[in-house]
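Colleague: Residue numbers (the working numbering): 2 to 175. We put the beta carbon where it would ideally sit given N, CA and C, even for glycine. Just dropping this structure here.
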Amino acid sequence: MKRAWVFGDNVDTDVIIPARYLNTSDPKVLGSYCMQDTDHAAFKAARDAGELAGDYIVAGENFGCGSSREHAPIAIKAAGIRYVVARSFARIFFRNSYNMGFPVIECPDAVDRISEGNLLSIDAGAGVITNETKGETYRAHPIPDFMQHLLDAGGLMPWVVKQLREQEAKAAGI
Numbered sequence: 002m003k004r005a006w007v008f009g010d011n012v013d014t015d016v017i018i019p020a021r022y023l024n025t026s027d028p029k030v031l032g033s034y035c036m037q038d039t040d041h042a043a044f045k046a047a048r049d050a051g052e053l054a055g056d057y058i059v060a061g062e063n064f065g066c067g068s069s070r071e072h073a074p075i076a077i078k079a080a081g082i083r084y085v086v087a088r089s090f091a092r093i094f095f096r097n098s099y100n101m102g103f104p105v106i107e108c109p110d111a112v113d114r115i116s117e118g119n120l121l122s123i124d125a126g127a128g129v130i131t132n133e134t135k136g137e138t139y140r141a142h143p144i145p146d147f148m149q150h151l152l153d154a155g156g157l158m159p160w161v162v163k164q165l166r167e168q169e170a171k172a173a174g175i
C-alpha cells in the first residue's frame, strides 16, 4: 500500500518537467524536478526527501497534455512514482509512458473517489485499484497486452532489442 498524490485536470508536460530542466536526459536529475512548477508543496517536499518510492499520482482528465516529450514519464518514474491513475491521458503521453517502461492506468471511478493521502493497492494485471483507506475497489481499464509486453521488457527500446535478438537467434538456428 502506498499513498495517493492528487492533481487536477490538464496537467501538462511543462508542469510535469519544466523545459528549463530538459538540458539533461539523466533520469535521476529529471526526477528531482518532477512537478517543480506545481503549487503542491507536500508532493515536492516528499520528492525532495526521497519519500515518493512506490506512491501513486491520481489525476483528472487529459493528464500529460502539451509537448510530446519523453522526459515527462521518465521524470515521474525517476521521482519514485509507481503508477499514474487518471480519468484520461493525452494519447502521446500515454504512449510515451509505455515506451519508457512506465505504467499509466485509466480509471475514472477511482479518480472521483480517491483523496490526497489515501492508501492504495493496484493490481494492474487484474485491472483493480483498492482504496485501503476507504475500503473501496475500482475497476480500471486493463493494460493492453502489447503495452504489458513493453513494460515487461523495460520499455520500447529494450523490447525492440529483445525482438531483434530473438530473430537473430532463430535465423542462426539457435
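Can you tell me the Cα-Cα spacing of ALA127 and LEU120, whole angstroms?
Modeller: C-alpha separation (whole angstroms): 18 Å.
Colleague: Would you list the one or two residues that DSSP bridges to LEU120?
Modeller: Answer by DSSP bridge pairing, in chain order: ARG4.
Colleague: Could you check what DSSP says for ILE77 in three-state terms: helix, strand or coil?
Modeller: Residue state, collapsed to three classes: helix.
Colleague: Which residues mark the beginning and the end of the beta strand (DSSP E) in which GLU107 is found?
Modeller: Segment 105-107, the beta strand (DSSP E) holding GLU107.
Colleague: Where do the ends of the beta strand (DSSP E) carrying ALA50 lie?
Modeller: Looking at the DSSP string, ALA50 is not in any beta strand (DSSP E), and its letter there is neither H nor E.
Colleague: Going by other Cβ atoms of all chains shown within 10 Å of its Cβ, with 16 needed for buried, is GLU71 buried or exposed?
Modeller: So GLU71 counts as buried.
Colleague: Only counting runs of 3 or more residues, tell me where the beta strand (DSSP E) segments fall wholly within the segment 118-170, in order along the chain.
Modeller: Listed in chain order, they are 120-124, 129-132, 137-140.
Colleague: How should SER69 be labelled, buried or exposed, when 16 other C-beta atoms within 10 angstroms of its C-beta is the threshold for buried?
Modeller: With fewer than 16 Cβ atoms within 10 Å of its Cβ, SER69 is classed as exposed.
Colleague: Pick helix, strand or coil for ALA172, following the three-state DSSP scheme.
Modeller: Looking at ALA172 - three-state DSSP - the assignment turns out to be helix.
Colleague: Applying the criterion that 16 or more other CB atoms from any shown protein chain within 10 Å of the CB defines a buried residue, is GLY32 buried or exposed?
Modeller: GLY32 should be labelled buried.
Colleague: Our contact map puts LEU53 next to ILE82 with C-beta atoms below 8 Å; I'd like the distance itself, whole angstroms only.
Modeller: Rounded, the Cβ-Cβ distance is 6 Å, consistent with contact.
Colleague: Check the DSSP bridge columns for TRP84 and list the partner residues they point to.
Modeller: Checking the displayed sequence, the identity of residue 84 turns out to be Tyr instead of Trp. Note: TYR84 sits in a beta bridge opposite TYR57.
Colleague: When you compare the CB positions of PHE94 and ALA79, do they come within less than 8 Å of one another, or not?
Modeller: In this structure, ALA79 does not lie closer than 8 Å to PHE94 by Cβ.
Colleague: Spatial neighbours of GLU167 within its chain, please: C-beta separation below 8 Å, excluding the five flanking residues on both sides.
Modeller: Nothing meets the Cβ criterion.
Colleague: Buried or exposed for GLY156, please, with buried defined as at least 16 other CB atoms from any protein chain shown within 10 angstroms of its CB.
Modeller: Per the 10 Å Cβ criterion, buried.
Colleague: Below 7 Å CB to CB, which residues in the same chain sit around GLY118 once its five sequence neighbours on both sides are set aside?
Modeller: Counting only Cβ-Cβ distances below 7 Å, and skipping sequence neighbours, we find ARG4, ALA5.
Colleague: Would you check if the distance between the CB atom of ILE67 and the CB atom of THR14 is smaller than 8 Å?
Modeller: According to the sequence shown, residue 67 is Gly rather than Ile. Taking 8 Å as the Cβ cut-off, GLY67 and THR14 qualify as a contacting pair.
Colleague: Quick check: what's the CA-CA separation for GLY102 versus GLU133?
Modeller: GLY102 and GLU133: Cα-Cα distance of roughly 26 Å.
Colleague: Where does SER98 land, buried or exposed, given buried means 16+ other C-beta within 10 angstroms?
Modeller: So SER98 ends up on the buried side.
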